[in-house]
Amino acid sequence: MSYVDKNLIPGETILYRTKLHWVVLLWPVLVGSFLGLASLVLIFGAVGARAGDHQSHAVATGAGLFFLLVAAAITGFGILRRNATEIAVTNKRVLIKTGLLSRRTIELLISKIESIGVDESPFGRILGFGTVIVRGTGGTPESFDRIAHPLEFRRQVHGQVDPAQGR
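1 is the number of the first residue of the sequence shown in UniProt numbering; add one for each residue after it.
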């Protein structure tokens, strides 16, 4: 069960969920792919080399396996980071949770939200991601980068803020 689902208060329903955009995986996958390719070159280069210095073959194979392990760790960390981030709008709050081992949570009551800003680069506008800045009344702004569909997130929050102010 997700953090958001576990922390709903009585009468609260989830209206919208989003997550980090797939673009957060771009660098981990590129670096992981590069290191993975380098590891394969080292491993197969050592295996395919002519018989000779066995110590060089062992070092090249060891380095290749190390690069392969680092590549898997970098790619895996990117995937975990994306999957460990939860962003939700309910009829009462905005909930944002980041992190897996160390957790950071933001829970703002809809009635206490002062503003929501969205920053999108040209690249972000094309691919559908941006930075969301949530400011609560009297609080400091909280910024969240590379959120998928940031304008829809803002629209969903605004849709709840207006009814909350009429109560």
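We treat Cβ as the ideally placed atom computed from N, Cα and C, and that holds for glycine.
From a predicted model like this one, the values you see are computed outputs, not experimental measurements.
Which whole-angstrom value describes the C-beta separation of residue i and residue j, a residue pair presumed to lie in contact below a C-beta threshold of 8 Å?
i: V23; j: L127; result: 6 Å
i: Q160; j: I87; result: Not a contact, Cβ separation roughly 14 Å.
i: P141; j: G78; result: Wrong, their Cβ atoms sit about 26 Å apart, outside the cutoff.
i: T105; j: K92; result: With 8 Å as the limit, T105 and K92 do not qualify as a contact, their Cβ atoms being about 15 Å apart.
i: V89; j: F34; result: That belief does not hold up - the Cβ atoms of V89 and F34 are roughly 38 Å apart, past 8 Å.
Tell me whether the beta-carbon of residue i lies closer than 7 Å to the beta-carbon of residue j.
i: A84; j: L100; result: yes
i: A71; j: G36; result: yes
i: G130; j: G138; result: no
i: R135; j: E114; result: yes
i: A148; j: H57; result: no
i: F67; j: S102; result: no
i: S143; j: I133; result: yes
i: I116; j: V157; result: yes
Tell me, which residues are paired with residue i by DSSP?
i: F144; result: V132
i: L95; result: A88, E107
i: Y16; result: V89
i: V118; result: V132
For the alpha helix (DSSP H) that contains residue i, what are its first and last residues?
i: G124; result: 122-127
i: V24; result: Segment: none, V24 is in no alpha helix (DSSP H) and carries neither H nor E.
i: K6; result: 3-6
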